[in-house]
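Each residue of the sequence shown is one higher than the last, beginning at 586 in this note's numbering.
See below for the structure under consideration.
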Amino acid sequence: MPALLLSAATLACAHTPSGTTTSPSKDTATMSATDTSRPHTLIEYPELTPEELGKRFLKLIDSLKSSEELTTERIQDVMRLNLTKTPETHSAFFNMHLPDSGWYYNVLYYDNPRSPSRKNASYNFINRPNEQSHHDLAADMAPVCGMDFNAYVTELKEMGFVEREELAEYDSPMPPTNADGTMGERRVFRRPGYFFSRGNISVMIRERSEALLSEHPETESADRKMNHICVESISVGGGD
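What follows is the structure, given as structure tokens:
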């Protein structure tokens, strides 16, 4: 299963807004034929908070017995969303924007008949301040971290998923040179990405600290944020 691809999330978020929006139904976030990929907001769908969509995505994962069951129709039925389909990219998506923030969150589906092993669905968070095209990779994730990494992992394990530690990737970059010209200590870092499987269903979670930088790094709050792990993306597809 491919890693979930923030570039794909960007593609889904980057279209120019146009068209009109249908009135939301009570149980299903719907989009008319005239809608484009314009992100929806909590004004339209107050129930579709980042946490709620996360719970619905976990419900989708738990509903799958095989990768063949992962279809646009299954996603729409289980998550109660209508995805916008883009046949030219073999994709479908549903986008939300969190008001008064640069945070966007979306559900993406990819299924190219020529590459069936790459079929996957994903739930992603991405920050684009002031609707700019670039991403703020260090933005504070607190607004979209109501369900954090531990919450997702706990739910997956309760569903019977097992962590695949052997799939973890590590890196040991060259350390910086000290002021006296000596080489700093070389350390091993785990790359973002935790893998889980149940039968032939695989899940990958890409994690990140709630805050990477702080204006007051020595405060207890800053320490808590930098040690609180959030989810940047979670994807599901076929696997061993």
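Beta carbons are placed, not taken as given, at the ideal position from N, Cα and C, and that holds for glycine.
Since this is a predicted model, take the numbers as computed values, not measurements.
Exercise for review: Have a look at L655, C815, S820, S782 and flag the residue whose alpha-carbon is nearest the alpha-carbon of A727.
Suggested key: Answer by Cα proximity: C815.
Point to revise | Nearest-angstrom Cα separation, counted from D765 out to A599 | key: Confidence in A599 is poor, its pLDDT being 37 and thus under 50, which makes the residue's placement unreliable; the coordinate value appears in the next sentence. As the crow flies, the alpha-carbon of A599 is around 47 Å from that of D765.
Check your understanding: Can you list, in chain order, the stretches of the beta strand (DSSP E) that have 3 or more residues and sit fully within the segment 669-714?
Key -> 669-671, 676-682, 688-695, 705-712
Point to revise | Endpoints, alpha helix (DSSP H) assigned at E637 | key: 635-648
**Study point:** Coarse secondary structure for D721, derived from DSSP in three states
**Key:** coil
**Study point:** Backbone secondary structure at Y737 - three-state DSSP
**Key:** helix
Practice item. Would you kindly work out how many angstroms separate the C-alpha atoms of R793 and R699, rounded to a whole number? Key: 33 Å
Point to revise | Residue from S787, F781, N680, P761 whose Cα sits closest to the Cα of Y630 | key: N680
Check your understanding: Ordered along the chain, which non-local residues of its own chain (more than five positions away) have a Cβ less than 8 Å from that of V747?
Key -> F781, S782, R783
Check your understanding: With contact counted as at least three CB pairs below 8 Å, one residue from each stretch, are the segment 721-737 and the segment 674-694 in contact?
Key -> yes
Review point. CB-CB under 6 Å to E682, same chain, minus the five flanking residues each way: which ones, in chain order?
Key: The residue you asked about is not Glu; residue 682 is His in the sequence shown. Closer than 6 Å at the Cβ level, and outside the excluded window around H682, lie P624, T626, Y689.
Practice item. Indicate whether the contact test is met: 3 or more Cβ pairs, each with one atom in the segment 748-764 and one in the segment 653-666, closer than 8 Å. Key: no
**Study point:** L666 - DSSP class collapsed to helix/strand/coil
**Key:** strand
Review point. Do I790 and L649 have their C-beta atoms closer together than 7 Å?
Key: For I790 and L649, no; Cβs fall outside 7 Å.
Check your understanding: Beta-carbon separation of A677 and T657 under 7 Å?
Key -> For the pair A677 and T657, the CB atoms are nearer than the 7 Å cut-off.
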